[in-house]
Amino acid sequence: MLTARWIPEKSDAGQQFMSLRYWITGDLGVGFDYRPVIDQLKFNATYRLVSEDPKGWRPAVLLGTSFDDFTSKGVQAESRSYFATVSKAMPRLKFLNITPSPYVGAVWIDRLNETRPLAGINLTHEEASLMVQYSGTDTHLALSRKINEKLSLSAIYWGLKYPGAALRYRF
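Take the sequence shown: its position 151, counting from 1, is numbered 137 in this note's numbering, and each next residue is one higher.
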């Protein structure tokens, strides 16, 4: 899977971002994140420790690592981070034709020696979705449109102050 994000008003480390990930199994994805403005390539990985039960109430549990740009007390830092999340697709809200999928978790930021809460919800409606995310310091919005089975495009409102765009392509 290839993802790319462009947020022109972010710092050099966050303006352009690309990630290439290969799912070795249905539960283990590994790859690389690339930030062209600062010419930085870093390893990423996600492991699904517990699979969601689509017919019951068992949530998915994900563990992972990536290298990202963070802000703490007005200072920007690039750091390796480690996360754990619990997520669950809820029953479809028939009157709106929307499936809500909330998640909660935490991220530990190595360079800042800081743990932050994570939370969000993805509201899916047929070909489109709205993702509301809280990263421990800021709220982010992404409105996505599925173009076909492989390609989706997104409009981003990062930190509720920086507009941007993204795409995702599944191989």
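Ideal Cβ positions, reconstructed from N, Cα and C, are used throughout, including at glycine.
Nothing here was measured: the structure is a model prediction, and the numbers come from that model.
Which residues share a DSSP beta bridge with residue i?
i     : result
R(-9) : F3 and A152
T85   : T110
P103  : A92
T51   : A31 and Y68
T57   : Q62
Relative to the C-alpha of residue i, which candidate in the options has its C-alpha closest?
i    : options                          : result
V23  : Y33, N30, R(-9) and R154         : R(-9)
N160 : I10, Y20, L(-12) and R156        : Outside the shown range of the chain, which is -13 to 157, sits residue 160, and nothing can be said about it.
L146 : M(-13), I(-7), T(-11) and L(-12) : I(-7)
Y89  : W9, S121, N30 and F29            : S121
Given a cut-off of 8 Å on the beta-carbon distance, is the pair residue i and residue j in contact?
i    : j    : result
T110 : I84  : yes
L104 : T71  : yes
G50  : T32  : yes
G17  : S5   : yes
S37  : D54  : no
A92  : A128 : no
Can you look up residue i in the DSSP assignment and give me helix, strand or coil?
i     : result
D(-2) : helix
W144  : strand
T125  : strand
R78   : coil
S37   : coil
K132  : strand
G12   : coil
G42   : coil
Would you verify that the beta carbon of residue i is, or is not, closer than 8 Å to some beta carbon of chain B?
i    : result
E135 : Included in the structure is just one protein chain, with no chain B present.
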